[in-house]
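Peer 1:
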Amino acid sequence: MFELSQDHQDFRALVRQFAAEEVEPHVAQWDRDSHFPTDLVPRMGDLGLFGLVVPEAFGGSLEDSDGGSFTNLCIAIEELGYVDQSIGITLSAGVGLGINPILTYGTAEQKQRFLPDLVAGRALAGFGLTEPDAGSDAGATRTRATLDGAEWTVNGAKAFITNSGTDITSVVTVTARTGEGADGRPEISAIMIPSGTPGFTVEAPYHKLGWHISDTHGLTFDNCRVPQENLLGERGAGFKQFLKTLDDGRIAISALALGMIRRMLDESVAYSKTRTAFGKPIGINQGVAFPIADLAVMAETATVLTYKAAWLKDEQEAGRRSVAEVKKAAAIAKLYTSEAAVTATRIATQVFGGNGFMEEYPIARFYRDAKILEIGEGTSEVQRMVIGRHLGLPQG
Amino acid sequence: MNIVVCVKHVPDAQADRGFNESDNTVDRAGVDGLLSELDEYAVEEALKLAEASGGEVTVVTIGPDQAADAVKKALQMGADKGVHVNDEAIHGSDAPATSLILAEAIKKATDGNPELVITGMASTDGTMGVVPAMLAERLGLPQVTYASELTLGDGKVTIRRDNDANTETIEASLPALVSVTDQINEPRYPSFKGIMAAKKKPVESWTLADLGIDAGQVGLANAWTKVVEIAKRPPREQGEIVKDEGDGGTKLAEFLAARKFL
Ligand SMILES: Cc1cc2nc3c(=O)[nH]c(=O)nc-3n(C[C@H](O)[C@H](O)[C@H](O)COP(=O)(O)OP(=O)(O)OC[C@H]3O[C@@H](n4cnc5c(N)ncnc54)[C@H](O)[C@@H]3O)c2cc1C
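If you read the protein sequences in the order shown, they are chains L and F.
Each residue of the first sequence is one higher than the last, beginning at 1 in full-length UniProt numbering.
Each residue of the second sequence is one higher than the last, beginning at 1 in full-length UniProt numbering.
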């Protein structure tokens with residue numbers, strides 16, 4: 001129970017080596033230039049990172065993994081996140097938001113058309129749920145899609161969509177109102193919009209506090225027409241579908257945050273042994289050592305919460321656990337680990353003193369990258385709402 | 001073409017490496033080890049050749065239990081089978097003994113008919129670089145060493161060897177032994193599929209007895225060379241700071257001249 005299998009450990013060693021050799025040497029520069037390293041994506045594909053939860057038929061390795069496939073994905077995200085959070089989220093969103101909805105809800109044709117390239121890392125896909133006026137309250141979607149003839153006409157805008165504007169982005173799945181239900185509530189469906197479709201504009205990249213290497217854009221749809229068969233999943237099931245997508249994504253964000261906490265711990269331990277003040281290494285002071293001890297507790301707690309949630313997810317896929325259990329564990333893991341990660345970067349920056357404020361050291365980049373973890377894939381408040389609901393608290 | 005690659009499990013160069021105090025041999029138990037980086041080039045070259053010609057790649061290693069990890073890594077990269085020679089009597093073996101064991105293991109693995117043997121140019125721990133030549137001698141094979149490019153032709157192998165002042169193109173008839181440099185290719189990373197596939201690949205575990213080698217021919221006691229003493233390199237001294245009082249350039253030049261850099 002408290003140790004990952006040998007397969008998982010072997011896989012971790014592979015991703016760790018790849019991240020150290022192929023990512024670490026470049027990230028400071030990429031971050032400074034807000035450069036998305038398109039060439040790295042197919043190399044991640046060669047390692048098999050995008051195909052961990054995807055069946056062999058589409059180029060993945062699901063059948064090879066003895067049931068621990070989601071855990072493997074979390075390991076990969078954690079190890080990439082240890083080196084750079086943007087690269088970690090590129091994988092996390094690439095699989096969780098890009099591949100997963102198509103894999104789960106796509107028709108045979110849709111899967112065959114998009115998945116092989118996505119799994120190989122020749123393409124990336126995005127998932128557009130958030131809008132300028134609908135974030136936490138994602139059901140308030142205003143984007144509309146109307147079916148006329150054999151085509152959907154999409155009008156509206158999406159905000160903050162990851163992997164939506166890279167040179168290799170092949171498709172973005174968006175949620176849109178496609179009508180009204182019998183109860184008068186909006187009917188929401190998911191529609192796939194291939195890159196380059198006329199009327200689909202990818203806006204200029206955002207200027208972000210962190211995640212500089214990750215690709216994020218606003219999207220606008222102006223009478224954007226796509227064939228009727230681009231509907232993903234059932235008409236009217238869009239809301240239900242993305243809620244499920246988010247559960248997995250939350251565990252993945254927890255893994256990403258865990259990578260960050262572990263990095264802050266390792267950096268702080270190393271620095272406190274070598275940096276001297278008043279003639280002694282700074283780590284000799286309890287004022288420095290205690291917060292570092294707290295980092296170790298955070299890393300341990302985050303590990304247990306993340307991999308318990310991942311294990312539940314794998315068990316649920318095998319039919320042995322309920323969806324509700326996964327939902328709750330995902331929200332708990334995401335909430336704790338993302339908040340701990342923010343605290344961890346604050347502690348590490350303090351340990352590094354003035355150097356922690358300098359971009360010459362990696363701490364500053366992690367400090368900037370931390371805050372989004374408490375916002376993306378559901379804010380901390382939303383996680384608390386989800387947990388509260390699972391505790392049976394009265395709902396307003 | 002069936003290819004044999006010799007690989008070594010070495011202490012991780014990133015870790016704090018050391019020696020056993022009792023017998024001045026490399027401490028292999030106390031540090032994390034890995035497939036010698038220089039051997040990854042040999043594995044990669046063999047995989048490329050086998051992929052092009054449809055043959056099998058067998059990796060051979062000698063070492064204690066942990067050395068199995070070097071074989072595992074090569075299998076994860078794509079090699080087809082492994083051989084691990086593991087025997088307590090091997091501890092402390094020098095290059096001649098190592099080449100003897102490798103030669104017998106290769107003969108056994110190929111029914112006495114190796115077609116092509118590839119090695120790295122040196123190990124990253126011992127860095128003697130003599131085993132390939134000794135091994136070729138033991139196997140009675142032509143040896144072409146330090147290859148930065150390798151091409152297979154009709155019954156022959158051609159390599160390019162880059163020297164300081166010139167580049168040699170050397171040909172040898174097959175079967176042959178080739179040692180390759182770190183310039184020859186870019187070793188691949190394993191993939192997740194490769195990791196899972198490696199678990200099902202056959203690995204033979206042989207002792208000296210399996211190879212018909214007498215323990216008296218190998219090991220520390222029978223080594224031709226002996227490490228008599230090991231002293232840690234003294235810690236780096238504090239650098240000398242030259243204060244520039246208008247004559248900084250001159251002082252710098254004097255410093256360099258005194259050390260014969262100028
Ligand atoms: C870099 C980045 C990448 C992103 N990538 C994607 C993507 O790929 N796809 C996608 O669809 N979205 C993406 N998002 C959007 C992200 O999921 C949303 O920003 C997030 O869900 C919050 O929504 P919002 O920004 O509209 O905040 P709001 O919903 O406006 O919330 C503002 C504040 O109010 C709080 N709040 C709101 N309602 C309640 C309530 N009922 N009770 C208590 N507190 C409440 C929130 O917790 C928050 O603190 C991304 C965002 C960023 C910044």
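Heads up, the beta-carbon is just placed ideally off N, CA and C, and yes, glycines get one too.
Kindly list the residues whose CB is nearer than 7 Å to the CB of GLU79(L), restricted to its own chain and excluding five residues on each side of it in sequence; keep chain order.
Peer 2: ARG12, VAL15, ARG16, ALA19 and GLY259
Peer 1: Return the residues of the segment 174-206 of chain F that lie within a Cβ-Cβ distance of less than 7 Å from chain L, sorted by chain order.
Peer 2: TYR189, PRO190, SER191, PHE192, LYS193, ILE195 and MET196
Peer 1: Give me the residue from ALA145(L), LEU295(L) and THR245(L) with the minimum Cα distance to GLY126(L).
Peer 2: THR245(L)
Peer 1: For GLU381(L), verify whether its CB is less than 8 Å away from any heavy atom of ligand 1.
Peer 2: yes
Peer 1: With a threshold of 16 other CB atoms inside 10 Å of the CB of ILE241(F), please say whether the residue is buried or exposed.
Peer 2: Counting of Cβ neighbours within 10 angstroms places ILE241(F) among the exposed residues, the total staying below 16.
Peer 1: If you check the beta carbons only, do ASP125(F) and PRO11(F) fall under 9 Å apart?
Peer 2: yes
Peer 1: Please confirm if LYS8(F) has its CB atom under 9 Å from at least one CB of chain L.
Peer 2: no
Peer 1: Please confirm whether SER86(L) and ILE251(L) have their CB atoms less than 9 Å apart.
Peer 2: no
Peer 1: Check the DSSP bridge columns for GLY155(F) and list the partner residues they point to.
Peer 2: Answer by DSSP bridge pairing: none, since GLY155(F) is not bridged.
Peer 1: Is it right to say MET192(L) is buried, meaning 16 or more other beta carbons lie within 10 angstroms of its own, or is it exposed?
Peer 2: buried
Peer 1: Would you verify that the beta carbon of GLN76(F) is, or is not, closer than 9 Å to some beta carbon of chain L?
Peer 2: yes
Peer 1: Verify the CB distance criterion: does LYS72(F) have a CB-CB separation below 9 Å to chain L?
Peer 2: Yes, because at least one Cβ of chain L sits closer than 9 Å to the Cβ of LYS72(F).
Peer 1: Using beta-carbon positions only, say whether VAL174(L) and VAL154(L) come within less than 9 Å of one another.
Peer 2: yes
Peer 1: Which residues, taken in chain order from the segment 38-49 of chain L, show a beta carbon closer than 7 Å to some beta carbon of chain F?
Peer 2: ASP46, LEU47 and GLY48
Peer 1: For GLY322(L), which of HIS26(L), GLU374(L), ASP247(L) and ILE372(L) has the nearest alpha-carbon?
Peer 2: Reading the sequence as shown, one finds Ser at residue 322(L) and not Gly. The residue among HIS26(L), GLU374(L), ASP247(L) and ILE372(L) with its C-alpha nearest the C-alpha of SER322(L) is ASP247(L).
Peer 1: Kindly examine ligand 1 and report whether one of its heavy atoms sits closer than 8 Å to the Cβ of ASN163(L).
Peer 2: yes
Peer 1: CA-CA distance, ILE99(L) and GLU360(L)?
Peer 2: If you take the alpha carbons of ILE99(L) and GLU360(L), they lie about 36 Å apart.
Peer 1: Can the beta-carbon of VAL71(F) be found closer than 9 Å to that of VAL57(F)?
Peer 2: Not a contact, by the Cβ cut-off of 9 Å.
Peer 1: Per DSSP, what kind of secondary structure is residue 432(L) in: helix, strand or coil?
Peer 2: Because chain L in this structure spans residues 1 to 396, residue 432(L) falls outside the shown range and cannot be described.
Peer 1: Closest by CA to TYR189(F), which one among MET1(F), LYS73(F) and ASP27(F)?
Peer 2: It is LYS73(F).
Peer 1: Throw me the rounded Cβ distance for the ALA97(F) and VAL218(F) pair, which I believe falls under 8 Å.
Peer 2: That pair is a contact at about 4 Å.
Peer 1: By Cβ distance, which residues of its chain are closer than 7 Å to THR250(F), with the 5 residues on each side in sequence left out?
Peer 2: none
Peer 1: Entirely within the segment 15-68 of chain F and at least 3 residues each: give me those beta strand (DSSP E) ranges in chain order.
Peer 2: 33-35 and 57-62
Peer 1: Helix, strand or coil for THR119(F)? Go by DSSP, reduced to three states.
Peer 2: THR119(F) falls in the strand class under three-state DSSP.
Peer 1: Let me check you understand the geometry: is the CB of SER136(L) closer than 8 Å to at least one non-hydrogen atom of ligand 1?
Peer 2: yes
Peer 1: Quick one: what's got a C-beta closer than 6 Å to VAL144(F)'s C-beta in the same chain, skipping five residues either side?
Peer 2: ILE159, ILE170, ALA172 and VAL178
Peer 1: Mind checking which residues open and close the alpha helix (DSSP H) that includes ASP266(L)?
Peer 2: 238-274
Peer 1: Restricting to Cα atoms, I'd like to know which of GLU229(F), LEU75(F), ALA105(F) and ILE62(F) is closest to GLU88(F).
Peer 2: In this structure, ILE62(F) is the residue among GLU229(F), LEU75(F), ALA105(F) and ILE62(F) with its C-alpha nearest to the C-alpha of GLU88(F).
Peer 1: Taking the straight line between their C-alpha atoms, what separation do you get for ASP16(F) and THR345(L)?
Peer 2: Rounded to whole angstroms, ASP16(F) and THR345(L) show a C-alpha spacing of 28 Å.
Peer 1: Mind pulling the alpha helix (DSSP H) runs of 4 or more residues that sit fully within the segment 282-363 of chain L?
Peer 2: 286-317 and 323-352
Peer 1: Name, please, each residue of chain F whose Cβ falls closer than 9 Å to the Cβ of GLN61(L).
Peer 2: Residue identity check: residue 61(L) is Ser in the sequence provided, not Gln. Under the 9 Å cutoff, chain F gives SER191, PHE192, LYS193 and MET196.
Peer 1: With respect to 8 Å, is the separation between the Cβ of ALA159(L) and the closest non-hydrogen atom of ligand 1 below this value?
Peer 2: yes
Peer 1: Hey, THR166(L) and VAL326(L): beta-carbon distance below 9 Å or not?
Peer 2: Contact flag unset, no.
Peer 1: For SER65(L), return the contacting residues in chain F, with the cut-off set at a CB-CB distance below 9 Å.
Peer 2: PHE192 and MET196
Peer 1: For a contact defined as C-beta to C-beta under 8 Å, what are the partners of PHE70(L) on chain F?
Peer 2: The premise fails here: PHE70(L) is roughly 13 Å from chain F at the closest Cβ pair, so nothing lies under 8 Å.
Peer 1: For GLY88(L) and chain F, any beta-carbon pair shorter than 9 Å?
Peer 2: no
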